[in-house]
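Visitor: Please find one structure pasted underneath; my questions will follow.
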Amino acid sequence: MQTPVKFKRNVWRDVAKCKWLYVMLAIPLVQYLLFRYAPLTGIQVAFKDYNIFKGMWDSPWAGFKYFRELFSSTQFWLALKNTVVLNLLDLLFGFPTPIILAIMLYEMRSVKLKRVYQTLMYLPHFLSWVIVGSLVVKLFGSTGMVNNLIKAMGGSTVNFLTDNTNWVIMYVATGVWQSAGWGTIIYLAAISGVNTELYEAAEVDGCGRIRRIWYVTLPCIMPTIIVMLILRLGQMVGIGFERPYVMMNDMVKNVAEVTSTFVYTNGIKNARYSFSTAVDLFGSLVNMMFVIGANAITKRMGEGGLW
């Protein structure tokens with residue numbers, strides 16, 4: 000019996016053959032190493048009594064001193080609770096919205112109207128939160144357009160931005176409005192990749208539009224939905240800085256103070272660099288645990304995970 004011939008690959012020959020591709024790959028790789036991995040050395044600040052004059056490397060070690068202070072801080076636990084609550088509300092109302100919008104856009108028959116709606120929904124994503132926050136204040140402030148209209152109709156002023164419950168509603172609604180249109184791009188791309196023969200077969204079997212969406216569209220884009228859900232769960236304890244900071248005011252600080260603004264207050268305003276680094280490191284570790292847990296659960300359910 001003739002043994003199969005083994006071809007020995009020459010790695011350097013392959014590199015030389017595709018040298019320009021490797022050069023192009025090296026550019027983003029170096030950028031990623033410099034701006035993503037190199038800054039990770041700053042994590043040690045959380046375990047040191049950081050002194051700006053001594054620098055990061057020469058500052059004395061403090062062990063878990065700032066983590067003990069962190070876990071005994073009532074302000075931190077309040078900020079953590081607010082972060083989780085706001086992220087859960089964002090997940091509840093903001094996650095399914097792009098999916099619904101993508102399906103509605105895909106099902107539209109008029110191509111011109113579809114493009115118009117797509118453009119109108121994408122536009123808010125390109126506005127900075129400073130502009131969005133200013134619009135919210137101008138529209139829903141105590142002397143804003145909406146309250147002026149309510150008073151003109153004989154009603155009383157509504158505290159949209161100074162009442163705790165109303166502020167949370169405005170925060171979630173503004174986030175959905177700003178990000179939902181951009182999120183539809185991913186799901187529209189996933190729906191566009193569905194085999195059209197499946198829709199034709201469903202139509203032959205007598206399925207209407209709703210049944211086609213339920214039995215064809217949703218199952219086919221489920222892997223994309225799972226991946227996006229895992230990524231969203233990985234941000235459950237972390238939260239962006241601009242949105243809560245711009246919309247927050249002293250009247251609603253007990254529901255608006257989140258971990259990112261807590262880090263800003265302690266790290267930048269109060270110059271407590273070690274303490275704020277410990278807060279941020281704790282949040283990152285919890286987020287990583289959420290990602291690993293969500294990935295494990297989805298794989299146990301028979302769906303594909305991130306890895």
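Its first residue numbered 0, the sequence shown is counted upward by one per residue in numbering that gives the first Met the number 0.
The beta carbon of each residue, even a glycine, is placed where N, CA and C say it ideally should be.
Quantities reported herein were computed from a predicted structural model and do not represent experimental measurements.
Exposed or buried, what is Val14 when buried is set at 16 or more other beta-carbons lying within 10 Å of its beta-carbon?
Guide: As a working note, residue 14 is residue 15 in the sequence shown. Val14 should be labelled exposed.
Visitor: Are the CB atoms of Thr216 and Ile102 within a distance shorter than 8 Å?
Guide: Numbered from 1 along the sequence shown, position 103 holds the residue referred to as residue 102. Numbered from 1 along the sequence shown, position 217 holds the residue referred to as residue 216. Yes, Cβ-Cβ distance for Ile102 and Thr216 is below 8 Å.
Visitor: Along the chain, where does the alpha helix (DSSP H) that runs through Trp19 open and close?
Guide: Within the sequence shown, numbered from 1, the residue matching residue 19 stands at position 20. Looking at the DSSP string, the run of the alpha helix (DSSP H) that includes Trp19 is Lys18 to Tyr31.
Visitor: Within this structure, are the beta carbons of Ala179 and Gly93 separated by less than 8 Å?
Guide: The count along the sequence shown starts at 1 and reaches residue 179 at position 180. The count along the sequence shown starts at 1 and reaches residue 93 at position 94. For Ala179 and Gly93, yes; Cβs fall inside 8 Å.
Visitor: Locate the alpha helix (DSSP H) running through Val254, then write down its first and last residues.
Guide: Sequence index remark: in the sequence shown, residue 254 carries index 255 (1-based). It spans Lys252 to Ala255 - the alpha helix (DSSP H) in which Val254 sits, taken as one unbroken run.
Visitor: Mark Asp317 as exposed unless 16 or more other C-beta atoms lie within 10 angstroms of its C-beta, in which case mark it buried.
Guide: Lying before the first or after the last residue shown, residue 317 is absent from the chain, which here runs from 0 to 306.
Visitor: Determine the contact status of Tyr65 and Phe274, defining contact as a CB-CB distance below 8 Å.
Guide: Numbered from its first residue, the sequence shown carries residue 65 at position 66. Numbered from its first residue, the sequence shown carries residue 274 at position 275. Their beta carbons are under 8 Å apart, which means Tyr65 touches Phe274 by this criterion.
Visitor: What separation, rounded to the nearest whole angstrom, lies between the Cα atoms of Tyr49 and Lys268?
Guide: Taking the first residue of the sequence shown as 1, we reach residue 49 at position 50. Taking the first residue of the sequence shown as 1, we reach residue 268 at position 269. Computed Cα separation, rounded: 16 Å.
Visitor: Tell me which same chain residues have a C-beta within less than 6 Å of the C-beta of Leu197, skipping the five on either side of it?
Guide: Walking along the sequence shown from the start, residue 197 turns up at place 198. So the qualifying residues of the chain are Val215.
Visitor: Does the Cβ of Ile229 have 16 or more other Cβ atoms within 10 Å, making it buried, or fewer, making it exposed?
Guide: Sequence index remark: in the sequence shown, residue 229 carries index 230 (1-based). It counts as buried.
Visitor: Beta-carbon separation of Trp166 and Val251 under 8 Å?
Guide: Taking the first residue of the sequence shown as position 1, residue 166 is located at position 167. Taking the first residue of the sequence shown as position 1, residue 251 is located at position 252. Yes, they are a contact pair.
Visitor: State buried or exposed for Ile220, treating a residue as buried only when at least 16 other CB atoms are found within 10 Å of its CB.
Guide: By one-based count along the sequence shown, residue 220 stands at place 221. Burial call: buried.
Visitor: For the segment 189–204 against the segment 129–143, are there 3 or more C-beta pairs whose distance is under 8 Å?
Guide: Touching, no.
Visitor: What distance in whole Å lies between the Cβ atoms of Leu79 and Thr276, which are believed to be in contact at a cut-off of 8 Å?
Guide: By one-based count along the sequence shown, residue 276 stands at place 277. By one-based count along the sequence shown, residue 79 stands at place 80. Between Leu79 and Thr276 the Cβ distance is about 16 Å, and since that is not below 8 Å, they are no contact.
Visitor: Rank Glu202, Val236 and Val44 by C-alpha distance to the C-alpha of Trp308 and give the top, closest one.
Guide: This structure cannot speak to residue 308, because the chain is shown only from 0 to 306.
Visitor: Just the Cα atoms here: how many angstroms apart are Gly205 and Thr195?
Guide: Position 206 of the sequence shown, counted from the first residue, corresponds to residue 205. Position 196 of the sequence shown, counted from the first residue, corresponds to residue 195. In a straight line, the C-alpha of Gly205 is about 16 Å away from that of Thr195.
Visitor: Can you give me the start and stop residues for the alpha helix (DSSP H) that Lys137 sits inside?
Guide: Counting from one through the sequence shown, the residue named residue 137 turns up at place 138. First-last of the alpha helix (DSSP H) with Lys137: Trp128 to Phe139.
Visitor: Please report the straight-line C-alpha distance between Leu69 and Asn163, rounded to a whole angstrom.
Guide: Residue 69 sits at position 70 when you count from the first residue of the sequence shown. Residue 163 sits at position 164 when you count from the first residue of the sequence shown. For Leu69 and Asn163, the distance between alpha carbons rounds to 26 Å.
Visitor: Helix, strand or coil for Trp60? Go by DSSP, reduced to three states.
Guide: Your numbering for residue 60 matches position 61 in the sequence shown. In this structure, Trp60 counts as strand in the three-state DSSP scheme.
Visitor: If you measure from the beta carbon of Thr258 to each beta carbon in chain D, is any gap under 8 Å?
Guide: Annotation note: the requested chain D is absent from the structure, which comprises a single protein chain.
Visitor: Whole angstroms is fine: what's the gap from Asn147's alpha carbon to Asn158's?
Guide: Within the sequence shown, numbered from 1, the residue matching residue 147 stands at position 148. Within the sequence shown, numbered from 1, the residue matching residue 158 stands at position 159. Distance between the alpha carbons of Asn147 and Asn158: 12 Å.
Visitor: With 16 as the cutoff for other CB atoms within 10 Å, does Val110 come out buried or exposed?
Guide: Position 111 of the sequence shown, counted from the start, is the residue given in the question as residue 110. When all chains shown are included, Val110 counts as exposed.
Visitor: Are the Cβ atoms of Gly132 and Met246 separated by less than 8 Å?
Guide: On the sequence shown, position 133 is the one that residue 132 refers to. On the sequence shown, position 247 is the one that residue 246 refers to. Yes. Within cutoff.
Visitor: Do Thr223 and Leu104 have their beta-carbon atoms positioned less than 8 Å apart in this structure?
Guide: Taking the sequence shown and counting its residues from 1, one reaches residue 104 at position 105. Taking the sequence shown and counting its residues from 1, one reaches residue 223 at position 224. In this structure, Thr223 does not lie closer than 8 Å to Leu104 by Cβ.
Visitor: Considering only residues of the same chain and omitting the five flanking positions on each side of Thr82, which have a CB-CB separation below 7 Å?
Guide: Indexing the sequence shown from 1 puts residue 82 at position 83. Once the five neighbours on either side are set aside, the close Cβ partners of Thr82 are Val236, Ile238, Val257 and Thr258.
Visitor: Are Thr297 and Ile212 closer than 8 Å when you measure CB to CB?
Guide: Residue 297 sits at position 298 when you count from the first residue of the sequence shown. Residue 212 sits at position 213 when you count from the first residue of the sequence shown. For Thr297 and Ile212, no; Cβs fall outside 8 Å.
Visitor: Just how far apart, CA to CA, sit Arg35 and Lys47?
Guide: Here residue 35 corresponds to residue number 36 of the sequence shown, with the count starting at 1. Here residue 47 corresponds to residue number 48 of the sequence shown, with the count starting at 1. Using only the alpha carbons, I get a separation of about 22 Å.
Visitor: With burial defined as no fewer than 16 other Cβ atoms inside 10 Å of the residue's Cβ, what is the status of Arg242: buried or exposed?
Guide: Residue 242 sits at position 243 when you count from the first residue of the sequence shown. So Arg242 counts as buried.
Visitor: Measure how close the beta-carbons of Pro97 and Tyr186 come, nearest whole angstrom, since I'm counting them as under 8 Å.
Guide: The residue labelled residue 97 in the question sits at position 98 within the sequence shown. The residue labelled residue 186 in the question sits at position 187 within the sequence shown. 6 Å between Cβ atoms; contact.
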